[in-house]
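This report refers to the structure that appears directly beneath it.
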Amino acid sequence: MNDFGEFLYTLRKEKGMTQAELAQLLGVTNKAVSKWETGEAMPETALLVPISRIFGVSVDELLNGKRSEQSVKEENADSIKAHLFTRGKDDKQTLSEKIGGALCAVVVFAGLITYFLLGIISGLWHPYWVIIPACALLSGIIGIIFDVCSAEKREAKIARGENPVVGAICGTGMLSCIIAYLLSGALANLWHPLWIIIVAGAFVCAVIATVAGIINHKRK
């Protein structure tokens, strides 16, 4: 990613705009915008003015890959005002992010309530302590799933050279292996030999990442 591509990516994210939306405004393809952001290509000269107008920057700032000092000062002043009036609240969360966050919170809260009820009513503090880390890890899996389903977050990872699908598979797989190990260990006392679950999961993830990297390299 060059200075122009990185700056364009930053401007687009600040606007809360997807690559598809920017492409539609400019009359180009999503792939073209992706190439600009990754530094594989530059937009035609005729598109620089429309891009600068969309994001409220000058053509010089676009080509330099950064805002001028005056623009930075004005932006900082606007940010301070926005922070004061909104009391620091972030209202840029998408509906998907809000639902995902709420679902993760519900899972963790339900796990805590279940554990304390089992402990207080039945005295099952052990081995059911495993409910708490299992729910925390489950909320991590939920977060990964919602991230990979978000077009905006997928595009951000692709722009950074990451493969969002492979990352989601590996992340979900490893967290699932840890949950399985904790449950089998705490509930059935199978800490050994089932530690192999985590090792096997890490090995499979490494193989998947390596294969995906080779395929991606060949495509380039």
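Counted the way the working numbering counts, the sequence shown spans residues 1030 to 1249. Ideal Cβ positions, reconstructed from N, Cα and C, are used throughout, including at glycine.
- Straight across, the Cα-Cα distance linking Ala1217 with Thr1047 is about 48 Å.
- Uninterrupted alpha helix (DSSP H) stretches at least 4 residues long and entirely within the stretch 1140-1187 occur at 1154-1157, 1160-1178, given in chain order.
- Selection Glu1069, Asp1176, Leu1055, Leu1076 evaluated against Asp1032 yields Glu1069 as nearest (Cα-Cα).
- Pairing Leu1037 with Glu1066, the inter-Cα distance amounts to about 6 Å.
- Counting the other Cβ atoms within 10 Å of the Cβ of Ser1151 gives fewer than 16, which makes it exposed.
- A buried status is given to Asp1176, since no fewer than 16 other beta-carbon atoms sit within 10 Å of its beta-carbon.
- Taking every protein chain shown into account, the CB of Ser1168 has 16 or more other CB atoms within 10 angstroms, so this residue is buried.
- In the DSSP annotation of this structure, the continuous segment of the alpha helix (DSSP H) that includes Glu1043 starts and ends at 1032-1043.
- Taken through DSSP and simplified to helix, strand or coil, Ser1081 comes out as helix.
- One alpha carbon belongs to Glu1184, the other to Pro1162, and they sit about 31 Å apart.
- Sequence-distant Cβ neighbours of Trp1154 in its own chain, meaning closer than 7 Å and more than five residues away, are Gly1148.
- Per DSSP, reduced to three states, the secondary structure at Met1203 is helical.
- If you draw a 10 Å sphere on the C-beta of Pro1079, you find fewer than 16 other C-beta atoms in it, and that means exposed.
- Judged by their CB atoms, Ile1170 and Tyr1144 are not nearer to each other than the 8 Å cut-off.
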